[in-house]
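Following: one structure in structure tokens, then a few remarks.
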Amino acid sequence: MAKKKRRRKKNNQQGIATIIFVLALFVIGGGFGARYLIDNYLDQPTTTTHKSTGETAEQRHQHQFISKMEKPAVNVYKKNHQVLPSIAIAQAIVESNWGESQLYRQAKNPFGMKGSYEGKTRLFPTTEYVNGKEEKINAYFRVYPTLSAAILDHDAVVARQFLPSGVTNYRTAAKLLQSNGYATDPTYAKKLINVITTYNLNRFDSY
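Counted the way the working numbering counts, the sequence shown spans residues 106 to 312.
Right, here's the structure in full:
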């Protein structure tokens, strides 16, 4: 009888050991399965979110152009308080088509400033509005050494010829630029205001 009991006890111990071994394999396998789920499934929403909220190439280019214009526009305004940064940046966007124009790329002239700068000038094609109609012409435009030089010169010319001092409202400034003849485009003020509101450019005016 004693031998049978010992044999049963031994069999029970082997059975328990087998169950523990199987459970261990299950836990380990489950761990790998969980890891697989984490790596291959749970990451997917993050990737999808990134793609859904990520910028397009065009948006990235636009934000980069605004960033490039922001610092010099703000610095010049802090120095002379002539042209609001929002107006300067919006004009650069409209005039240079987000920095894509030949004039900007080849002459660092984002504002379409005609004439010469320190004796430097260059002929470029441009569009003018005569009696409300578009006309393609060639004209001489200023060539600048730096973007900061272009903004400084632009602000000085605008303050001297097109904007009275002390204008701190971008809507008023945009309308004055058009009514005082800065541009021949009859929708110029509307374009500036639309760009400023769309990209919240007036946030730079409080610097």
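For glycine and all other residues, C-beta sits at the position ideal for the given N, C-alpha and C.
- Taking a 10 Å sphere around the C-beta of residue 169, we find fewer than 16 other C-beta atoms and assign the residue as exposed.
- With contacts defined as CB atoms closer than 7 Å, residue 177 and residue 256 qualify as a contacting pair.
- Within the same chain, Cβ atoms closer than 7 Å to the Cβ of residue 203 are found at 166, 167, 170, the five residues on either side in sequence being excluded.
- In the DSSP assignment, residue 276 falls within the unbroken alpha helix (DSSP H) covering 275-284.
- Counting along the chain, no beta strand (DSSP E) covers residue 197; the unbroken alpha helix (DSSP H) around it starts and ends at 190-201.
- Closest in alpha carbon position to residue 287, among 308, 196, 224, 175, is 196.
- The distance from the Cβ of residue 179 to that of residue 309 is about 6 Å, consistent with a contact at the 8 Å cut-off.
- DSSP links residue 251 through a beta bridge to no other residue.
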